[in-house]
Amino acid sequence: MEQVKIDLPIVCTRGVIVFPNNEIIIDVGRKKSVYAIEEAQEHFQNQIVLVAQRDLTLEDPRMSDLYEVGTICNIMHIRHMDGYMRVKFKGIERARIQTLEFGGDMVFGSVLPLADIQESAQEELALVRRIAQQLENVEGFTHDLPKDMISKLAEGLSANQLADQVAQVFPFSVEAKQRILEAEKVNDRLLYIIQEMENEKQISDLDNLINDKVKQRLDENQREYYLREKLRAIKEELGDVADRDSDTEEYRKMINENPYPENIKEKALEELSRYEMLPSASGESGVVKTYLDWLLKLPWWQESQDNEDLNVAQQVLDDDHYGLEKVKERIMEYLAVKTMTNSLKAPIICLVGPPGVGKTSLSKSVARALNREFVKISLGGVKDESEIRGHRRTYLGSMPGRFIQGMKKAGTVNPVFLIDEIDKMGADYKGDPASAMLEVLDPEQNSLFSDHYLEEPYDLSKVMFIATANYLDNIPHALQDRLEIIQLSSYTEIEKLEIAKRHLVPKQLKENGLTDKQFKISDEMLMYVIKHYTRESGVRQLERVIAKLIRKTVLVILKDEKKSLSMTKKKIQEFLGKEIFDYGRKEKKDQVGTVTGLAYTSFGGDILQVEVNHFDGTGKLVVTGQLGDVMKESASIAYDYVKANAKKYHIDSEIFKTQDVHIHVPEGAVPKDGPSAGVTLTTALISSLSNQPVKSDLAMTGEVTLRGNVLPIGGLKEKSMAAHRSGITTIVMPKDNVKDLDDLPETVKESIKFIPVDHVSQVLNAALVK
1 MEQVKIDLPI VCTRGVIVFP NNEIIIDVGR KKSVYAIEEA QEHFQNQIVL
51 VAQRDLTLED PRMSDLYEVG TICNIMHIRH MDGYMRVKFK GIERARIQTL
101 EFGGDMVFGS VLPLADIQES AQEELALVRR IAQQLENVEG FTHDLPKDMI
151 SKLAEGLSAN QLADQVAQVF PFSVEAKQRI LEAEKVNDRL LYIIQEMENE
201 KQISDLDNLI NDKVKQRLDE NQREYYLREK LRAIKEELGD VADRDSDTEE
251 YRKMINENPY PENIKEKALE ELSRYEMLPS ASGESGVVKT YLDWLLKLPW
301 WQESQDNEDL NVAQQVLDDD HYGLEKVKER IMEYLAVKTM TNSLKAPIIC
351 LVGPPGVGKT SLSKSVARAL NREFVKISLG GVKDESEIRG HRRTYLGSMP
401 GRFIQGMKKA GTVNPVFLID EIDKMGADYK GDPASAMLEV LDPEQNSLFS
451 DHYLEEPYDL SKVMFIATAN YLDNIPHALQ DRLEIIQLSS YTEIEKLEIA
501 KRHLVPKQLK ENGLTDKQFK ISDEMLMYVI KHYTRESGVR QLERVIAKLI
551 RKTVLVILKD EKKSLSMTKK KIQEFLGKEI FDYGRKEKKD QVGTVTGLAY
601 TSFGGDILQV EVNHFDGTGK LVVTGQLGDV MKESASIAYD YVKANAKKYH
651 IDSEIFKTQD VHIHVPEGAV PKDGPSAGVT LTTALISSLS NQPVKSDLAM
701 TGEVTLRGNV LPIGGLKEKS MAAHRSGITT IVMPKDNVKD LDDLPETVKE
751 SIKFIPVDHV SQVLNAALVK
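Residue numbers (full-length UniProt numbering): 1 to 770.
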């Protein structure tokens with residue numbers, strides 16, 4: 001019987017196909033679909049056609065975007081929701097789309113109903129039985145089928161109804177369902193369903209196989225990695241996984257293409273094999289990967305080219321630092337020998353001096369002069385040996401020591417390596433890092449430096465190590481033995497003046513946005529600032545004071561609209577306050593029992609007065625002024641020497657029985673100690689007890705023995721600068737220190753008379769007023 005075309009409203013569905021004799025609920029939101037449903041209710045007895053889109057993303061599909069066969073449905077129930085309607089449809093029969101009209105508010109079409117075509121009943125029965133067998137096992141691989149499917153089949157469900165119901169509920173793809181919907185022959189439908197069920201069964205079996213593989217690999221502690229392992233097993237089944245990870249190939253490429261030492265290549269390949277075998281879920285995998293990163297990214301052959309132009313190197317050092325001639329000379333020697341021989345084991349230099357004298361900045365200048373990379377580590381407060389040698393890989397969070405970390409950061413095998421604060425290492429139950437440093441800083445051993453983490457020897461022999469320390473005595477003797485010690489003394493006032501003019505003032509002007517025309521300060525005012533607002537060995541405080549002056553100048557220029565400002569004593573006091581420091585000054589006139597001594601402090605040189613008085617008592621010696629043990633011993637030695645030689649210096653020996661002697665060093669709140677006050681104390685005692693005045697323009701330094709011999713001292717340069725600053729014209733010094741006069745500035749040597757002595761009697765001849 002010939003089918004007649006029917007005109008009905010059309011609803012385009014996304015991924016949903018309705019089969020005859022099946023009910024389905026669909027959320028409808030598009031305006032055209034809503035109008036179509038309303039039109040079907042009002043004018044077409046609730047009949048409508050549902051047809052699926054080929055492309056689910058299209059909002060307004062055309063004829064070519066829809067499948068050719070859809071389903072005529074009855075609208076069973078509508079529930080209006082917020083912004084959409086939920087509609088229950090029941091499929092009636094298949095229909096082929098003949099024409100569509102897209103005008104207006106909805107899609108309207110002419111459709112031709114399709115009748116079922118029955119063929120061989122025997123083939124149909126065989127196909128139905130096959131589907132029944134599949135349904136017997138269906139619970140094993142899907143949960144979407146109704147539980148009563150088989151019972152309905154037994155109750156006489158026709159073949160075409162069976163096909164449509166299985167196709168509706170089975171989780172086939174949209175394309176597979178559409179092919180079943182378009183099949184007019186019932187036996188073809190049954191055959192398509194069997195094929196799709198077989199495919200689903202194979203997929204289910206494969207999924208079960210993958211799950212079994214994954215379960216075999218997992219232990220109880222790796223459940224959280226289940227999905228990752230499942231994905232990996234899927235890839236293995238598909239055969240598209242060549243290596244464990246993309247970075248495995250990257251590591252292998254690095255090893256093969258770069259000239260690593262043979263032992264490093266072997267070690268890296270061994271670790272890479274382990275990495276490939278380990279499951280990604282394993283914690284050990286991350287440990288091995290981190291080790292490979294360290295091993296392969298360390299510099300093993302990369303070497304920077306040294307600057308061999310000695311004049312350029314000298315210019316760099318001179319530009320960056322004023323003074324420090326001995327250090328610069330040592331660096332130039334190293335560079336000259338290296339240029340001559342083309343190979344040299346790097347020296348290990350240790351710069352020892354007070355804070356702020358330029359040890360660290362000098363190291364940076366050395367790196368710049370040599371054209372090398374610069375790396376710095378600070379050992380202040382380090383107590384753990386593993387900071388030097390690294391942790392063993394058995395520990396969680398283990399890493400190489402600081403030297404290997406520094407080499408990786410440098411990226412070359414020959415950087416300038418600054419070891420800062422080497423005198424401030426400690427030791428505790430975790431080991432002695434100072435002892436571990438012996439291997440690093442011994443030129444005979446550091447070519448095979450052993451780091452616990454690397455487990456392979458690393459060559460540090462091309463590194464130029466520069467260590468810095470404040471106090472030489474705090475460095476263990478065994479470590480000192482491997483270092484070339486270069487002492488950096490405190491800066492003199494003249495050196496501070498030059499440093500301020502050449503470096504500090506220009507630097508602070510640039511940082512604060514001024515020019516040298518806007519901020520003017522003379523040498524005299526700079527010296528005033530140095531003398532009265534700083535007391536230090538280096539120039540850090542000086543830089544801070546200069547920065548403060550410049551900042552206040554900026555404020556005045558902007559606030560008062562001035563073009564420039566010149567520093568005067570009054571202006572400096574206005575900006576910085578009253579004078580903070582006042583260096584010792586010489587006595588105005590000759591006095592009995594008062595002698596000017598010379599002191600060497602961490603802030604440079606200074607002069608101090610030693611006062612002696614005696615009065616009725618029982619022969620006691622009193623020493624005050626917060627003196628250290630060494631100075632107390634010096635006072636006792638001086639007193640005993642005077643007692644033993646009283647007649648020689650015209651002193652009545654009864655004084656030591658009937659009178660007490662009081663020695664005082666002013667500024668009692670300031671701790672004072674050191675082995676250079678012996679001659680000063682002795683002279684003050686003899687002056688007081690013999691009632692002979694001491695020259696006010698004379699100062700002295702030197703240690704004394706019980707026999708009256710004068711011993712050498714240190715810091716003559718700083719002490720002489722302090723004497724020059726204070727107006728002293730004569731200095732009595734130990735004869736053994738004559739060699740140190742070469743280091744003094746010419747201005748000091750020209751204005752001060754130096755008297756070398758080797759016995760107290762010579763001191764007294766020069767100091768006492770006849």
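Idealized CB from N, CA, C, for every residue including glycine.
- Item | At least three beta-carbon pairs within less than 8 Å, the segment 552 to 570 to the segment 639 to 653 | no
- How would you call E124, buried or exposed, if buried means at least 16 neighbouring beta carbons within 10 angstroms? buried
- What residue from D523, G597 and E257 has the CA that sits closest to K499's CA? The sequence given here places Ile at residue 499; Lys does not occur at that position. Closest by alpha carbon: D523.
- Check whether V185 and I117 have beta carbons under 8 Å apart: According to the sequence displayed, residue 185 carries Lys and not Val. For K185 and I117, yes; Cβs fall inside 8 Å.
- Message: For the segment 263 to 272 against the segment 287 to 300, do three or more pairs of beta-carbon atoms, one drawn from each stretch, fall closer than 8 Å, so that the two count as touching?
- Response: yes
- Assigned exposure category for H452 - 16 Cβ within 10 Å defines buried: buried
- Is I422 closer than 8 Å to I475 when the C-beta atoms are compared? yes
- Per DSSP, which one or two residues make a beta bridge with I180? Answer by DSSP bridge pairing: none, since I180 is not bridged.
- Close beta carbons around E196, own chain, < 6 Å, minus the five adjacent residues each side: F172 and A176
- Looking at the unbroken beta strand (DSSP E) that takes in Q53, where does it start and where does it end? First-last for Q53: undefined, no H or E at that position.
- Query: Skipping 5 residues on each side, what residues in its chain have a beta carbon closer than 8 Å to that of A154?
  - Reply: Because the pLDDT of A154 is 46, which lies under 50, any placement of that residue in the model is unreliable, and the number read from its coordinates should be weighed accordingly. The answer is none, since no qualifying residue turns up.
- Pairing CB atoms from the segment 329 to 339 with CB atoms from the segment 381 to 397, are three or more of them under 8 Å? no
- Item | Rounded separation between G702 and G727 - CA only | 20 Å
- Query: Nearest-angstrom Cα distance between H143 and A126?
  - Reply: The predicted position of H143 is uncertain, since its pLDDT is 46 and thus under 50; a value taken from the coordinates is nonetheless stated next. In a straight line, the C-alpha of H143 is about 26 Å away from that of A126.
- Through-space distance from V316 to R368, alpha-carbon basis: 7 Å
- Check the DSSP bridge columns for P9 and list the partner residues they point to. F108
- Provide the residue span of the beta strand (DSSP E) that contains A95, from first to last. M85 to E101
- Residue interval of the beta strand (DSSP E) (run including F754): K753 to V757
- Hey, quick one: how far does the beta strand (DSSP E) through G597 stretch, first residue to last? T594 to T601
- Beta-bridge pairing of T730 - partner residues as DSSP gives them: L698 and K753
- Determine the DSSP secondary structure at M567, reduced to helix, strand or coil. coil
- Query: Going straight from the alpha carbon of H77 to that of K88, what length do you get?
  - Reply: 5 Å
- Task: Excluding the 5 residues preceding and the 5 following Q302 in the sequence, name in chain order all residues of the same chain whose CB lies nearer than 8 Å to its CB.
- Result: G411, T412 and V413
- What residue ranges within the segment 462 to 547 form continuous beta strand (DSSP E) runs of no fewer than 3 residues, ordered along the chain? 464 to 469 and 484 to 487
- Query: Any idea what DSSP makes of R130, helix, strand or coil?
  - Reply: helix
- Assign Q98 to buried or exposed, taking buried as 16 or more other Cβ atoms, counted over all protein chains shown, within 10 Å of its Cβ. exposed
- Message: Whole angstroms are fine: how far does the CA of I377 sit from the CA of V595?
- Response: 47 Å
- Message: Under 8 Å, Cβ to Cβ, is there at least one residue of chain D near M85?
- Response: The structure shown contains no chain D, having only a single protein chain.
- Selection from R551, K531, K496 and I546 that minimises the alpha carbon distance to N512: R551
- 8 Å contact criterion, which G538 and V357 should meet: CB distance rounded: 4 Å
- Query: Residue ranges of each beta strand (DSSP E) run of no fewer than 3 residues wholly in the segment 7 to 48, ordered along the chain?
  - Reply: 23 to 28
- Task: Would you kindly check if the distance between the Cβ of S751 and the Cβ of H724 is under 8 Å?
- Result: yes
- Query: Cα-Cα, which of G628, R96, L56 and Y600 is closest to I10?
  - Reply: R96
- Give the secondary structure of K267 by DSSP, where H, G and I count as helix, E and B as strand, and everything else as coil. helix
- Message: Taking the beta carbon of M700 as the centre, do at least 16 other beta carbons fall within 10 Å, making it buried, or is it exposed?
- Response: buried
- Query: Any idea which residues DSSP pairs V69 with across the strands?
  - Reply: R96
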